[in-house]
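Colleague: Residue numbers (our numbering), protein chains in the order written: chain A, 1 to 256; chain B, 257 to 512.
1. Go ahead and label residue 271 of chain B buried or exposed: buried means 16 or more other beta carbons lie within 10 angstroms of its beta carbon, across all protein chains shown.
2. Between residue 117 of chain A and chain B, is any beta-carbon pair separated by less than 7 Å?
3. DSSP three-state label for residue 71 of chain A, please.
4. For residue 133 of chain A, return the contacting residues in chain B, with the cut-off set at a CB-CB distance below 8 Å.
5. So which residues on chain A does residue 493 of chain B lean against when the C-beta distance must stay under 8 Å?
6. Which ranges does the alpha helix (DSSP H) cover as unbroken runs of at least 4 residues, wholly within the stretch 438-466 of chain B, from first to last along the chain?
7. Closer than 7 Å by beta-carbon distance: list the chain B residues that pair up with residue 120 of chain A, in chain order.
8. Let me see if you follow: with CB-CB separation under 7 Å, is residue 113 of chain A close to chain E or not?
9. Across which residues does DSSP place residue 499 of chain B in a beta bridge pair?
10. What's the C-alpha gap between residue 7 of chain A and residue 121 of chain A?
11. With C-beta atoms as the reference, is residue 200 of chain A less than 7 Å away from residue 232 of chain A?
12. Between which two residues does the alpha helix (DSSP H) harbouring residue 476 of chain B extend?
13. Can residue 242 of chain A and residue 178 of chain A be called in contact, C-beta distance under 7 Å?
14. Quick check: what's the CA-CA separation for residue 71 of chain A versus residue 403 of chain B?
15. So, at 7 Å on beta carbons, what are the nonlocal neighbours of residue 322 of chain B in its own chain, with the 5 sequence-adjacent residues on each side left out?
16. Measure how close the beta-carbons of residue 358 of chain B and residue 432 of chain B come, nearest whole angstrom, since I'm counting them as under 8 Å.
17. Using only CA atoms, which one of A:50, A:222, A:145, A:182 lies nearest to residue 79 of chain A?
18. Would you say residue 406 of chain B lies against chain A (beta-carbon separation less than 7 Å)?
19. Residue 132 of chain A to residue 33 of chain A, Cα distance in whole Å?
20. Going by alpha carbons, who is nearest to residue 172 of chain A out of B:285, B:505, B:283, B:408?
21. Would you call the CB atoms of residue 246 of chain A and residue 168 of chain A closer than 7 Å?
22. Evaluate residue 160 of chain A with the Cβ neighbour count: other Cβ atoms within 10 Å of its Cβ, from every protein chain shown; 16 or more gives buried, anything less gives exposed.
23. Going by the DSSP bridge assignment, what does residue 50 of chain A pair with across the sheet?
24. Assuming residue 214 of chain A and residue 27 of chain A are in contact, meaning their beta carbons sit under 8 Å apart, how far apart are those beta carbons, in whole angstroms?
25. Does the separation of the CB atoms of residue 128 of chain A and residue 397 of chain B fall below 7 Å?
26. Which value, in whole angstroms, describes the spacing of the CA atoms of residue 274 of chain B and residue 371 of chain B?
27. Return the chain-ordered list of same chain residues with a C-beta closer than 6 Å to the C-beta of residue 440 of chain B, the five sequence neighbours on each side being excluded.
28. Determine the extent of the beta strand (DSSP E) in which residue 129 of chain A is found, giving its start and end residues.
29. Taking the C-alpha atoms as reference points, what is the distance between residue 478 of chain B and residue 157 of chain A?
30. Which term fits residue 278 of chain B, buried or exposed, when burial requires 16 or more other beta carbons within 10 angstroms of its beta carbon?
31. In this structure, how does DSSP classify residue 270 of chain B when only helix, strand and coil are distinguished?
32. Between B:438, B:317, B:302, B:472, which lies nearest to residue 354 of chain B when the distance is taken from Cα to Cα?
33. Report the neighbours of residue 72 of chain A on chain B: residues whose CB is nearer than 7 Å to its CB, in chain order.
34. Measuring alpha carbon to alpha carbon, tell me which of A:35, A:249, A:253, A:244 ends up nearest residue 134 of chain A.
35. Note down, in chain order, every chain B residue with its Cβ under 7 Å from the Cβ of residue 147 of chain A.
36. Going by CA-CA distance only, name the one from B:344, B:468, B:366, B:460 that's closest to residue 483 of chain B.
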């Protein structure tokens, strides 16, 4: 059993480690998007805190966890006090614990960070494993500035508040140059793109990245003024999508 | 040859795809942090734009590219006009092109995004491959809020400007709650931590994530007031480090 760093740990106890286990973003083969190192580590864990236990069981089956899935300890992160208590009990008993989100990297755009914060309080070593993050992949694929960016999470659901959030994001691009990223629940994509096309200045780049790593992967990035009705229709499907706003880059002309 | 989406592409030409190929963050085995899918795709590419060609060649050797490395086309991203011209020529000839950064995900915190922006102008399909990003892994491992965060890139080198940037970051945490992330060149880590410990309010969490995925991986996250001289000394080594500032989470007490 590998043990934690000594900081903050009650003397005489051997805490386990907290592993952040990324999961699939779409119905791909695990090997397509998860390193062998991540899969092997997840396969040897027997204790998990999951955003949704059902999704975690499906993931552990997909990566061919060697133990019968029903024998694994999987606690939901909600309600949080019970998740923290379970994790602390397991860690204090020397077990390594995995945190799994429904999709992608845990503790990013999900409630898992509370568990990580408690681990730091306990002096438990936290190990982030590599896997897909739709936010980072969308940012890289957008061609927007990746040297400075801001992730806003979900924008407010109410139209007036959402429009204000979009205007605030435009103002941040203008003042800081930082690329703005946010997500929306799939059934609101059509309305979101309509609002973005209405509210964005024509010269700002609007980008959408849909079903990243999946069969229907599509990334479109161009000035808002160039977005057509057909472009918007491509993102009307109920698939996970990241939206981005940023400055157009001044690209040099090819020396020919 | 897989071809690009039709948008913007001159009629009759068959453009290749632009693959964003993540590389290693440290001297690990490629399988530890790169999915088989990423490695296999990188192995079949023969045209690359690289932040540094020498680092790209070392990477392609590490993943056992099947062709003699000297026969691969590798152009540096700087100067950009030539990199864009080479990439466009290759893509127009139907070749798939890989973009590789010195470490981690290309087009994040490096100049690669210009190439991606040009690909979108040409209607070339951009495919981001999964791999490690020190920024995202550090954020997840910090336990700080991952629902809203801002990446600032490198802070200014001059002390007065850097201190102002730190104060601005603190103000953003106070007003928006967004976790602030930034990087620094390794030989300035000691000074950076000294400035952070001097300028941060004691209740804000200061986190540092060093050598993520590597042998010396260390993540420390606690209120600034709790950082000791020993803590700071742990990050004095000249290893890649991400710094983070954020609100302490109000964790519930365990129900016992």
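Backbone N, C-alpha and C fix where the C-beta goes; we use that ideal spot for every residue, glycine too. No experiment lies behind these values; they were computed from the predicted model shown.
Modeller: On the basis of the coordinates in this document:
1. In the second chain, the residue the question calls residue 271 of chain B occupies position 15. Result: buried.
2. Sequence index remark: in the first chain, residue 117 of chain A carries index 117 (1-based). At a cut-off of 7 Å between C-beta atoms, residue 117 of chain A counts as an interface residue with respect to chain B.
3. Taking the first chain and counting its residues from 1, one reaches residue 71 of chain A at position 71. The answer is helix: DSSP assigns residue 71 of chain A an H, G or I state.
4. To locate residue 133 of chain A, count along the first chain from 1; it is residue 133. Those are 389, 392, listed as they occur along chain B.
5. What you label residue 493 of chain B is simply residue 237 of the second chain in a count that begins at 1. Within 8 Å Cβ-Cβ: nothing; residue 493 of chain B doesn't reach chain A, min ~16 Å.
6. Entirely contained in the stretch 438-466 of chain B, the alpha helix (DSSP H) runs reaching 4 residues are, in chain order, 445-455.
7. Locating residue 120 of chain A in the first chain gives position 120, counting from the first residue. Ordered by position in chain B, the residues that pass the 7 Å Cβ test against residue 120 of chain A are 399, 477, 478.
8. Annotation note: the requested chain E is absent from the structure, which comprises protein chains A and B.
9. Counting from 1 along the second chain, the entry for residue 499 of chain B is found at position 243. DSSP lists B:438, B:464 as partners of residue 499 of chain B.
10. The residue you call residue 7 of chain A lines up with position 7 of the first chain. The residue you call residue 121 of chain A lines up with position 121 of the first chain. Residue placement at residue 7 of chain A is flagged as unreliable, the pLDDT there being 47, under the threshold of 50; a coordinate-derived value is accordingly withheld.
11. One-based indexing of the first chain puts residue 200 of chain A at position 200. One-based indexing of the first chain puts residue 232 of chain A at position 232. If you check the CB distance, residue 200 of chain A and residue 232 of chain A do not come in under 7 Å.
12. Taking the second chain and counting its residues from 1, the one referred to as residue 476 of chain B is at position 220. In this chain, residue 476 of chain B is not harboured by any alpha helix (DSSP H); it is covered by the beta strand (DSSP E) spanning 474-479.
13. Numbered from its first residue, the first chain carries residue 242 of chain A at position 242. Numbered from its first residue, the first chain carries residue 178 of chain A at position 178. Not closer than 7 Å, so no.
14. Residue numbering aside, residue 71 of chain A sits at position 71 when the first chain is read from its first letter. Residue numbering aside, residue 403 of chain B sits at position 147 when the second chain is read from its first letter. The straight-line gap from Cα to Cα measures roughly 32 Å.
15. Translated into positions along the second chain, residue 322 of chain B becomes position 66. Within the same chain, Cβ atoms closer than 7 Å to the Cβ of residue 322 of chain B are found at 299, the five residues on either side in sequence being excluded.
16. What you label residue 358 of chain B is simply residue 102 of the second chain in a count that begins at 1. What you label residue 432 of chain B is simply residue 176 of the second chain in a count that begins at 1. Between the beta-carbon of residue 358 of chain B and that of residue 432 of chain B there is about 32 Å, and that puts the pair past the 8 Å contact cut.
17. For the purposes of this step, residue 79 of chain A is taken as the residue at position 79 of the first chain. Per the Cα distances, A:50.
18. Along the second chain, one-based indexing puts residue 406 of chain B at 150. Yes - at least one Cβ of chain A is within 7 Å of the one on residue 406 of chain B.
19. Here residue 132 of chain A refers to the residue found at position 132 of the first chain. Here residue 33 of chain A refers to the residue found at position 33 of the first chain. Taking the straight line joining both Cα atoms gives about 6 Å.
20. Taking the first chain and counting its residues from 1, one reaches residue 172 of chain A at position 172. Nearest to residue 172 of chain A by C-alpha distance, out of B:285, B:505, B:283, B:408, is B:408.
21. Translated into the one-based positions of the first chain, residue 246 of chain A becomes position 246. Translated into the one-based positions of the first chain, residue 168 of chain A becomes position 168. Result no, Cβ atoms of residue 246 of chain A and residue 168 of chain A do not sit closer than 7 Å.
22. Locating residue 160 of chain A in the first chain gives position 160, counting from the first residue. Residue 160 of chain A is exposed by the Cβ-count criterion.
23. Along the first chain, read from residue 1 onward, the residue named residue 50 of chain A stands at position 50. Among the bridge pairs identified by DSSP, residue 50 of chain A is matched with A:76, A:100.
24. One-based indexing of the first chain puts residue 214 of chain A at position 214. One-based indexing of the first chain puts residue 27 of chain A at position 27. Contact holds; Cβ gap of about 7 Å.
25. The residue given as residue 128 of chain A occupies position 128 in the first chain. The residue given as residue 397 of chain B occupies position 141 in the second chain. Result yes, Cβ atoms of residue 128 of chain A and residue 397 of chain B sit closer than 7 Å.
26. Within the second chain, the letter at position 18 stands for residue 274 of chain B. Within the second chain, the letter at position 115 stands for residue 371 of chain B. Between the C-alpha atoms of residue 274 of chain B and residue 371 of chain B there is a straight-line separation of about 9 Å.
27. One-based indexing of the second chain puts residue 440 of chain B at position 184. Excluding residues up to 5 positions away in sequence, 448 lie with their Cβ nearer than 6 Å to the Cβ of residue 440 of chain B in the same chain.
28. On the first chain, position 129 is the one that residue 129 of chain A refers to. In the DSSP assignment, residue 129 of chain A falls outside any beta strand (DSSP E), carrying neither H nor E.
29. As a working mapping, residue 478 of chain B is identified with position 222 in the second chain. As a working mapping, residue 157 of chain A is identified with position 157 in the first chain. If I take the Cα positions, the gap works out to 33 Å.
30. As a working mapping, residue 278 of chain B is identified with position 22 in the second chain. It is buried - the Cβ of residue 278 of chain B has at least 16 other Cβ atoms within 10 Å.
31. Position 14 of the second chain holds residue 270 of chain B. DSSP, reduced to helix, strand and coil, places residue 270 of chain B outside both helices and strands of the structure shown, so it counts as coil.
32. As a working mapping, residue 354 of chain B is identified with position 98 in the second chain. The shortest C-alpha separation from residue 354 of chain B is found at B:302.
33. Translated into the one-based positions of the first chain, residue 72 of chain A becomes position 72. Within chain B, no C-beta atom comes nearer than 7 Å to that of residue 72 of chain A; the closest sits roughly 22 Å away.
34. The sequence position of residue 134 of chain A within the first chain is 134, counting from 1. Among A:35, A:249, A:253, A:244, the Cα nearest to that of residue 134 of chain A belongs to A:244.
35. Residue numbering aside, residue 147 of chain A sits at position 147 when the first chain is read from its first letter. Result: 365, 409.
36. To locate residue 483 of chain B, count along the second chain from 1; it is residue 227. Considering only B:344, B:468, B:366, B:460, the residue with the shortest C-alpha distance to residue 483 of chain B is B:460.
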